[in-house]
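If you read the sequences in order, they're chains A and B. Position one of the first sequence corresponds to residue 7 (this note's numbering), numbered consecutively onward. Position one of the second sequence corresponds to residue 143 (this note's numbering), numbered consecutively onward. So the structure is just underneath, and the comments pick up after that.
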Amino acid sequence: MSEAPLPQSSRPVATRRLISWLGTLGPLLVLLCIIALFGEADHLKQGKDVFLTYQNARTIAVQASPVIVAALGMTIVIIAGGIDLAAGTALALSATVLAWFLNNGYSPLLSIAAAILTGCLTGFINGVLVSALRVVPFIVTLGTMTIYLGTAKYLANETTIRPPLADIPTAFDSMVTPRPDPEWLVETLGIPNFAWGVWLALVLAGLLAVVLRYTVFGRYVFALGSNEQTARLCGINVPLMKIAVYTLGGLFVGIAGTYQFARLSSGNPMSGIGMELKFIAAVVIGGGSLTGGRGSVLGTVTGAIMMSVIASGCTQLGWRNPIQDIVIGAIIIAAVTLDQVRQRFWSN
Amino acid sequence: MTDRSALLSMHGITKRFGATRALVDVELSVRAGEVLALIGENGAGKSTLMKVLSGAHRPDGGEMYLDGRIYAPTGPHQARQAGVAMIYQELNLALDLSVAENVMLGQEIHRGGWLRQKREQAQVTAALATLGHPELRPETPVNRLSVGARQLVEIARALVARPKVIVFDEPTSSLTSHDVEHLFQVIARLRSAGLGIIYISHFLEEIRRIADRYSVLRDGRTVGSGRLRDTGEAEIVALMVGRDVNDLFPTVAHTPGKEILSVDGISGVKSPRDVSLRLRRGEILGIAGLVGAGRTELLRCIFALDPVRRGELRVASYCPRANPRARIRAGLGLVSEDRKGEGLAQERSIADNLTLSGLSHYSRAGWLALGRREKAVRDWMQQLEIKAAAPDQAVKELSGGNQQKVAIARVLHQGADIVLLDEPTRGIDVGTKAEIYRRMGQLAAEGKSIIFVSSYLPELLAVCDRVGVMSRGRLREVKPTSAWTEEAIMACAIGGD
Numbered sequence: 007m008s009e010a011p012l013p014q015s016s017r018p019v020a021t022r023r024l025i026s027w028l029g030t031l032g033p034l035l036v037l038l039c040i041i042a043l044f045g046e047a048d049h050l051k052q053g054k055d056v057f058l059t060y061q062n063a064r065t066i067a068v069q070a071s072p073v074i075v076a077a078l079g080m081t082i083v084i085i086a087g088g089i090d091l092a093a094g095t096a097l098a099l100s101a102t103v104l105a106w107f108l109n110n111g112y113s114p115l116l117s118i119a120a121a122i123l124t125g126c127l128t129g130f131i132n133g134v135l136v137s138a139l140r141v142v143p144f145i146v147t148l149g150t151m152t153i154y155l156g157t158a159k160y161l162a163n164e165t166t167i168r169p170p171l172a173d174i175p176t177a178f179d180s181m182v183t184p185r186p187d188p189e190w191l192v193e194t195l196g197i198p199n200f201a202w203g204v205w206l207a208l209v210l211a212g213l214l215a216v217v218l219r220y221t222v223f224g225r226y227v228f229a230l231g232s233n234e235q236t237a238r239l240c241g242i243n244v245p246l247m248k249i250a251v252y253t254l255g256g257l258f259v260g261i262a263g264t265y266q267f268a269r270l271s272s273g274n275p276m277s278g279i280g281m282e283l284k285f286i287a288a289v290v291i292g293g294g295s296l297t298g299g300r301g302s303v304l305g306t307v308t309g310a311i312m313m314s315v316i317a318s319g320c321t322q323l324g325w326r327n328p329i330q331d332i333v334i335g336a337i338i339i340a341a342v343t344l345d346q347v348r349q350r351f352w353s354n
Numbered sequence: 143m144t145d146r147s148a149l150l151s152m153h154g155i156t157k158r159f160g161a162t163r164a165l166v167d168v169e170l171s172v173r174a175g176e177v178l179a180l181i182g183e184n185g186a187g188k189s190t191l192m193k194v195l196s197g198a199h200r201p202d203g204g205e206m207y208l209d210g211r212i213y214a215p216t217g218p219h220q221a222r223q224a225g226v227a228m229i230y231q232e233l234n235l236a237l238d239l240s241v242a243e244n245v246m247l248g249q250e251i252h253r254g255g256w257l258r259q260k261r262e263q264a265q266v267t268a269a270l271a272t273l274g275h276p277e278l279r280p281e282t283p284v285n286r287l288s289v290g291a292r293q294l295v296e297i298a299r300a301l302v303a304r305p306k307v308i309v310f311d312e313p314t315s316s317l318t319s320h321d322v323e324h325l326f327q328v329i330a331r332l333r334s335a336g337l338g339i340i341y342i343s344h345f346l347e348e349i350r351r352i353a354d355r356y357s358v359l360r361d362g363r364t365v366g367s368g369r370l371r372d373t374g375e376a377e378i379v380a381l382m383v384g385r386d387v388n389d390l391f392p393t394v395a396h397t398p399g400k401e402i403l404s405v406d407g408i409s410g411v412k413s414p415r416d417v418s419l420r421l422r423r424g425e426i427l428g429i430a431g432l433v434g435a436g437r438t439e440l441l442r443c444i445f446a447l448d449p450v451r452r453g454e455l456r457v458a459s460y461c462p463r464a465n466p467r468a469r470i471r472a473g474l475g476l477v478s479e480d481r482k483g484e485g486l487a488q489e490r491s492i493a494d495n496l497t498l499s500g501l502s503h504y505s506r507a508g509w510l511a512l513g514r515r516e517k518a519v520r521d522w523m524q525q526l527e528i529k530a531a532a533p534d535q536a537v538k539e540l541s542g543g544n545q546q547k548v549a550i551a552r553v554l555h556q557g558a559d560i561v562l563l564d565e566p567t568r569g570i571d572v573g574t575k576a577e578i579y580r581r582m583g584q585l586a587a588e589g590k591s592i593i594f595v596s597s598y599l600p601e602l603l604a605v606c607d608r609v610g611v612m613s614r615g616r617l618r619e620v621k622p623t624s625a626w627t628e629e630a631i632m633a634c635a636i637g638g639d
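Listed below in structure tokens is the structure:
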């Protein structure tokens, strides 16, 4: 039996491939453009390069790292069709737990483990509530957001926990310092020297990208976000998947909490308020869809770096903080609009 | 009635929901290499029966055998593993995932959680080749495929599980006629590969083309089955509706009067292209054509839902502005072909849907007189025989036929004189179809005018005063119905430029 082929897109394969690549690398290209723009503007204004310097890159990277790590967790949750509004306060809770453990004389390793476990637990609770109550994640995490804030305040007696500086190992400082010392990486391996927290963030990103791409779990995350009914029909244990997704998201939040403590050397329950929006923004700028099914690790990392670059660039140009906010807001809208245009282009 | 040669058989299946008996002693059997058509009106129990077959419901009585063994699935996934695959009416695909990812969903080939993508690709390619469509690329995201191609992905997914029986639940309801041809070829291939196929459809013409045997369900019972070759259409319809339908197409005498609507050289973005037509009071004008010929677009341009590039529209001698609000005021009303997406707010009540375009009848300074509205809605529900518990029942809980009646009632409620009906009988059972034809005749007799777009030629020829045929965006020919035959319409519809 001979059958006519189905009609397919009339665009040649090469064009389609190019567009597909642009879609994946789009945010990265935009980031490069923004860096170039700020570099040029800065050069014109100052007469010398301040923005495009090794030192500034190290500062930006250090600022972006905790956002990258937490946004990685948000990426999984968003791809799976969920949202985690509690990520900000859960991050602060993790940092507070870390400070509390150090303050009470526990070893740094145990304290870190407690902080990361706290992160996992917050995610686990979100996942169980979403699965068991069948309430939309937006509402569930809106509630747990406040619960985690309250828990952290309770733990910290409504203040900030400041462990004695002598009890905080220097590893915390070198995790997030913009001026790592000694410069062992440069001397021994010839790689640029960033704080180890930066490298950790990149390693985590790489790991997550591999998991999403090459494992059954990763594929189920996309399937769940793309069409939950289909996932259920195909025999995927949807409630269990949701719990796994949120718990994994919480793991990243817990690690990000460790960064937060390293940066502040204290546990401030209030320090995470509003941060979840930054994580969501990173995912969205990177091409993630709030309706689920779409998002990428590369995109999220790019989105997080983009926000740090803009903040830093605006500072260098002497623009005040309000301007930075306006620029970042405009970038978010532009990113999503671009993505829509691309989608429409495809549907034709 | 044990059929030894049957691949799948269901015996004495009974299912109760509370006091209602959804299925009573249902018998059904499919042999290998055979297509069985399962026919029945909406609510006859077809979907309940298929839910029993797929393990979504446990039967209260009866047993099923698959390949000579007792078959008692506990869920869709188990059913698929046992060899019974369902292709649902609503496609179940993760649109953001690729063809291969969708095909392998829930049946991934992996080692310790790590995907073996090469082997998956090979399986997917093999499945697509079996279906006769090796040109579909496994890595293409599904959201870039046409509806027809998406359905193939779904069938391929079923194939990978090595099924013995595949159930198609109204598979053509969202397909273009071109894709329907493809689907029939695919089903023919599956049949010759020795699979048993259950094909559920409302369309008797389709069933005649594709199926070998039929079983008719009515009120949860098997009321007849046999070879299609030996059975006439009227006989099957009579079995379905349970009464002698001497008139599938009831008509009401009406005479067209003065011209009410004139459309001159109207053109949309892609289609329609340069369409002119006249419509008189008390006239039913049918528009035939293939899917994609621009019929829906023509109605949407007349109703100003889609941008009009050129051309003029007059109601009586008045030129209403080009927005739906002005067109409604001028007396036009549109019943959309897409009940779910556009036609009705599925979550909202019958009352809300029915009065949405005519709320001003019940409002004073923005406040709604809800009591008065409810009374009016009850009147309309009675008039159109909308079967529902109460006016505040959500539309999504109604059957397709009753939903369509709500959509039509809204247009009548808003006081439309020119009613644009886009495929109003699609996906509706035979009984309700007849009611809709009768209602159309009555409206014409009351002096209202109707433009009736349909892909089902017998109804066009039975109901309309004149029929026009569209192809490639143009209105080719408008003639009195008596001057048309089905063949002539088809010839005109597929004729090129």
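Each residue gets a CB set at the ideal place from its N, CA and C atoms; glycine is no exception.
Checklist entry - K538/B: buried (16+ other C-beta within 10 angstroms of its C-beta) or exposed? => result exposed
Checklist entry - Between the stretch 547-555 of chain B and the stretch 187-198 of chain B, do three or more beta carbon pairs fall short of 8 Å? => result In short, these stretches do not touch, since the Cβ pair count stays below three.
Checklist entry - Of all the residues that make up the stretch 225-244 of chain B, which are near chain A by a beta-carbon distance shorter than 9 Å? => result M228, Y230, E232, L233, N234, L235, A236, L237, D238, L239, E243 and N244
Checklist entry - Below 9 Å between beta carbons: does that hold for V222/A and L170/B? => result The criterion of a C-beta distance shorter than 9 Å is not satisfied by V222/A and L170/B.
Checklist entry - Relative to the alpha-carbon of F406/A, which residue among V315/A, V342/A, R350/A and G335/A has its alpha-carbon at the smallest distance? => result Residue 406/A cannot be examined here, being either before or after the span of chain A that is shown, 7 to 354.
Next on the checklist: Considering only their Cβ atoms, is the gap separating V609/B from I631/B smaller than 9 Å?
Outcome noted: yes
Item to check | Contacts of P218/B in chain A (Cβ-Cβ under 9 Å) | outcome: R238, L239, C240 and G241
Next on the checklist: Please classify W509/B as buried or exposed, where buried requires at least 16 neighbouring CB atoms within 10 angstroms.
Outcome noted: exposed
Checklist entry - Does DSSP put K157/B in a helix, in a strand, or in coil? => result strand
Next on the checklist: In this structure, how does DSSP classify A507/B when only helix, strand and coil are distinguished?
Outcome noted: A507/B: coil per DSSP, three-state reduction.
Next on the checklist: Just to confirm my understanding: we take P13/A, look at its own chain, exclude 5 residues before and 5 after, and list those with CB closer than 7 Å. What are they?
Outcome noted: Bear in mind that the predicted position of P13/A carries a pLDDT of just 49, short of 50, making it too unreliable to give a figure here.
Checklist entry - Taking buried to mean at least 16 other C-beta atoms within 10 Å of its own C-beta, is I713/B buried or exposed? => result Outside the shown range of chain B (143 to 639) lies residue 713/B, about which nothing can therefore be said.
Checklist entry - Residues in the stretch 619-631 of chain B with C-beta within 7 Å of chain A's C-beta atoms, listed in sequence order? => result none
Checklist entry - Would a check of beta-carbon distances place Q346/A closer than 9 Å to chain B? => result no
Item to check | Counterpart residues of M206/B in DSSP-defined beta bridges | outcome: M152/B
Checklist entry - Roughly how many whole angstroms lie between the Cα atoms of G87/A and A287/A? => result 15 Å
Item to check | Interface residues of the stretch 245-258 of chain B facing chain A [CB-CB below 7 Å] | outcome: Within the stretch 245-258 of chain B, the qualifying residues are L247, G248, E250, H252, G255, W256 and L257.
Item to check | Start and end residues, alpha helix (DSSP H) containing F258/A | outcome: V244 to L270
Checklist entry - Quick one, which residues of the stretch 218-235 of chain A are near chain B if we go by CB-CB under 7 Å, in chain order? => result Y220, T221, V222, F223, R225, F228, A229, S232, N233 and Q235
Checklist entry - Which residues, taken in chain order from the stretch 289-303 of chain A, show a beta carbon closer than 7 Å to some beta carbon of chain B? => result G299 and R300
Item to check | Every unbroken alpha helix (DSSP H) within the stretch 339-418 of chain B, with a cutoff of 4 residues, ordered by chain | outcome: With a minimum length of 4 residues, the continuous alpha helix (DSSP H) runs that stay inside the stretch 339-418 of chain B are 346-352 and 375-383.
Checklist entry - Which residues in the same chain as G187/B place their Cβ atom closer than 6 Å to its Cβ, once the five residues preceding and following it in sequence are excluded? => result A164, L165, L359 and G362
Checklist entry - Where W626/B and Y598/B are concerned, what is the direct C-alpha to C-alpha distance, given to the nearest angstrom? => result 14 Å
Item to check | 6 Å CB neighbourhood of P622/B in its chain, flanking five on each side removed | outcome: R608
Checklist entry - Is it true that the CB of P114/A sits closer than 9 Å to the CB of G4/A? => result Outside the displayed span of chain A (7 to 354) sits residue 4/A, for which this structure offers no information.
Next on the checklist: Tell me which residues share the same chain as A330/B and place their Cβ nearer than 8 Å to its Cβ, disregarding the 5 neighbours each side in the sequence.
Outcome noted: These residues qualify, in order along the chain: I352.
Item to check | Residue from Q330/A, L58/A, L213/A and A201/A with nearest C-alpha to E46/A | outcome: L58/A
Checklist entry - Would A317/A pass as a contact of V36/A if the rule is Cβ separation under 9 Å? => result no
Checklist entry - Which residues does DSSP pair with W256/B in a beta bridge? => result According to DSSP, which records beta bridges pairwise, W256/B is partnered with T221/A and R253/B.
Next on the checklist: Using a Cβ-Cβ cutoff of less than 7 Å, which residues in the same chain neighbour R451/B once the five nearest sequence positions on both sides are dropped?
Outcome noted: S409, G410 and V411
Checklist entry - Of the residues I261/A, G149/A and T124/A, which one's Cα is nearest the Cα of V136/A? => result Minimum Cα distance to V136/A is reached at G149/A.
Checklist entry - If you draw a straight line from the C-alpha of R358/A to the C-alpha of P186/A, how long is it? => result Given that chain A is displayed from residue 7 to residue 354, the structure contains no residue 358/A and the question cannot be resolved.
Next on the checklist: Can you find the residues in the same chain that come closer than 6 Å, C-beta to C-beta, to I593/B, ignoring five residues on each side of it along the sequence?
Outcome noted: Cβ neighbours of I593/B beyond the five flanking positions: L427 and L562.
Item to check | Three-state secondary structure assigned by DSSP to I89/A | outcome: coil
Checklist entry - Using 9 Å as the limit for Cβ to Cβ distance, is P13/A near chain B? => result Because the pLDDT of P13/A is 49, which lies under 50, any placement of that residue in the model is unreliable, and the number read from its coordinates should be weighed accordingly. For P13/A, the answer is yes, since a Cβ of chain B falls inside 9 Å of its Cβ.
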